[in-house]
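Number of protein chains: 2
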Amino acid sequence: MATDTRARIMDRSLELFARQGVAGTTVVEIEEAAGLSPGSGSFYRHFTNKEAVLAAVVEREVARAAAERETRIGTPERLEVTYRRTFDELVRLQPLIEIVAREGRQRPGLLEPLQRILAEGGARAESTLLAERMERGEVAEEDAEALAAIAMLALVGHHLAENFFGAPIGADRERFVETLARMVRGHAF
Amino acid sequence: MATDTRARIMDRSLELFARQGVAGTTVVEIEEAAGLSPGSGSFYRHFTNKEAVLAAVVEREVARAAAERETRIGTPERLEVTYRRTFDELVRLQPLIEIVAREGRQRPGLLEPLQRILAEGGARAESTLLAERMERGEVAEEDAEALAAIAMLALVGHHLAENFFGAPIGADRERFVETLARMVRGHAF
DNA sequence: GTCTATAGCGCGATAGAC
DNA sequence: GTCTATCGCGCTATAGAC
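If you read the sequences in order, they're chains A and B. Counting from 6, one number per residue, gives the positions in the first sequence under this note's numbering. Counting from 6, one number per residue, gives the positions in the second sequence under this note's numbering.
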């Protein structure tokens, strides 16, 4: 427990920030959660202040998410598989999403990386997949970009609602995925 | 400026809470924004503490939104019209959404009314509309509930992304609405 | 109903020994 | 790198005059 104290502080801060917000989390709580003596300023040996941990933790999570995303692009698969995987990614991104959702407005610098991940990564990967499917005639659509955006944002909306309210709205995950895939393929049901 | 000071405090608190969060807003700021002498405890003549304003303001906004929703149910209209109207409703709900998104996790009591509005109101109104359309053969779908949920959550996702990042993702509002309506109708493009 | 003034205190941050 | 101890600010909330 020497220099990885820094990593431990970041791990626990991620959890605390996601659960309680940055303003709602005290340095003392972070010290306590990271196994440091609460009330001591030991925290400040590793970060100049609370904002610095926030920046470090967001940067780390964004980098991790971007790396995961890279390994996936270009692998053709069924729409249903892609959609289920997107749900899983969103679950892993959840602490980051919660933090950025809370703190993004006061700190615009936090917004941009997440937007890149969701927009570029998400939508572009989706529309690439759609383009492939269009060539093969599985999907007919003049406006693949809008279609891809609708699919991705529907997944995001479902994830947020489920995560936020503790229960899914309208349909559970599997029914959601299957119906969405049918819609995207343009089948008339 | 006599007894409506209470209403003014609520109006300004709604804005401040949405922009800065509850913890990030001081009573002094509220007093200042409401035209009271900052630093005086005049705020406390109207509310026992910050939590009380929060509860009052959320209750008021939820009631307003529910009332608006009531007037709309049962009016048949084109899907595109419904979707555009839903966007407008979400814009009006935005301050409330932002507050509940931030503070809901610490205050589960705030979540429930908004969930009712989004889930019951939204999804049920949608699936009613869809049922009508199915009778008339405009929509063919065995699972109207899932279809309605997808449409509503796509709209919510688009709204959140646009509002959150300052720019729409993938497609602007009108293209989004038109493509979504075509998807819901099951047209093969 | 609004003001001035201030009590009380939790929190972020620092100093200095080990 | 971690501890004990503490400073000082800014915030919530109250007391009391007008």
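Idealized CB from N, CA, C, for every residue including glycine.
Residue-level contact to chain A via CB, residue i, 8 Å cutoff
i	result
D148/B	yes
I35/B	no
R114/B	Inspection of the sequence shows that residue 114/B is occupied by Gly rather than by Arg. By this cut-off, G114/B is not an interface position.
F181/B	yes
F169/B	yes
A68/B	no
L158/B	yes
G142/B	no
Assigned secondary structure, residue i (DSSP; H/G/I helix, E/B strand, else coil)
i	result
S45/B	strand
G162/B	helix
A7/B	Reliability fails at A7/B, whose pLDDT of 48 lies under 50, so the model's placement of it is uncertain and the value that follows must be treated cautiously. A7/B: coil per DSSP, three-state reduction.
P113/B	helix
F52/A	coil
D177/B	coil
P81/A	coil
T76/B	helix
A39/B	coil
T30/B	coil
D148/B	coil
G127/A	helix
E183/B	helix
A60/A	helix
E143/A	coil
A172/B	coil
Short CB-CB distance (under 8 Å) between residue i and chain B
i	result
L185/A	yes
V161/A	yes
L123/A	yes
M188/A	yes
A38/A	no
Q111/A	yes
I174/A	yes
A136/A	no
Q99/A	no
I155/A	yes
A7/A	Low per-residue confidence applies at A7/A: pLDDT is 48, beneath 50, and the placement is therefore not dependable, though the value from the model is reported in the following sentence. By this cut-off, A7/A is not an interface position.
A166/A	yes
A28/A	yes
C-alpha distance - residue i paired with residue j, whole-angstrom precision
i	j	result
R138/A	G191/A	12 Å
R9/B	F52/B	Note that residue 9/B corresponds to Asp in the displayed sequence, not to Arg. Approximately 13 Å, taken between the alpha carbons.
A124/A	G142/B	36 Å
A60/B	A70/B	15 Å
V144/A	L135/A	7 Å
V161/B	A176/A	15 Å
Q99/B	E37/A	36 Å
T80/B	R24/B	35 Å
S140/B	T133/B	It is Glu, not Ser, that sits at residue 140/B in the sequence shown. Near 11 Å, if we compare the C-alpha coordinates of T133/B and E140/B.
M227/A	V58/A	Residue 227/A cannot be examined here, being either before or after the span of chain A that is shown, 6 to 194.
E34/B	M188/B	47 Å
A12/B	G40/B	12 Å
D93/B	D93/A	31 Å
D148/B	E131/A	24 Å
N54/A	F22/B	24 Å
R121/A	S42/B	44 Å
M157/B	H163/B	10 Å
E117/B	F169/A	11 Å
A72/A	P173/B	25 Å
Burial state of residue i (16 or more Cβ within 10 Å)
i	result
E167/A	buried
T76/B	exposed
Y49/A	exposed
E103/B	buried
G114/B	exposed
G171/A	exposed
R83/B	exposed
R225/B	In the structure as shown, chain B begins at 6 and stops at 194. Residue 225/B is therefore absent and cannot be evaluated.
G29/B	buried
V96/B	exposed
A159/A	buried
M6/B	For M6/B, the predicted structure reports a pLDDT of 47, less than 50, and the residue's modelled location is therefore unreliable. The matter cannot be settled from this model.
A68/A	exposed
beta-carbon residue i near the ligand NAD non-hydrogen atom, thresh 7 Å
i	result
R190/A	As presented, the structure is devoid of all ligands, the ligand NAD included, so that no description of it is given.
Are at least three pairs of beta-carbons, each pair with one atom in the region 177–189 of chain A and one in the region 87–101 of chain A, less than 8 Å apart?
Flag = yes, the region 177–189 of chain A and the region 87–101 of chain A touch.
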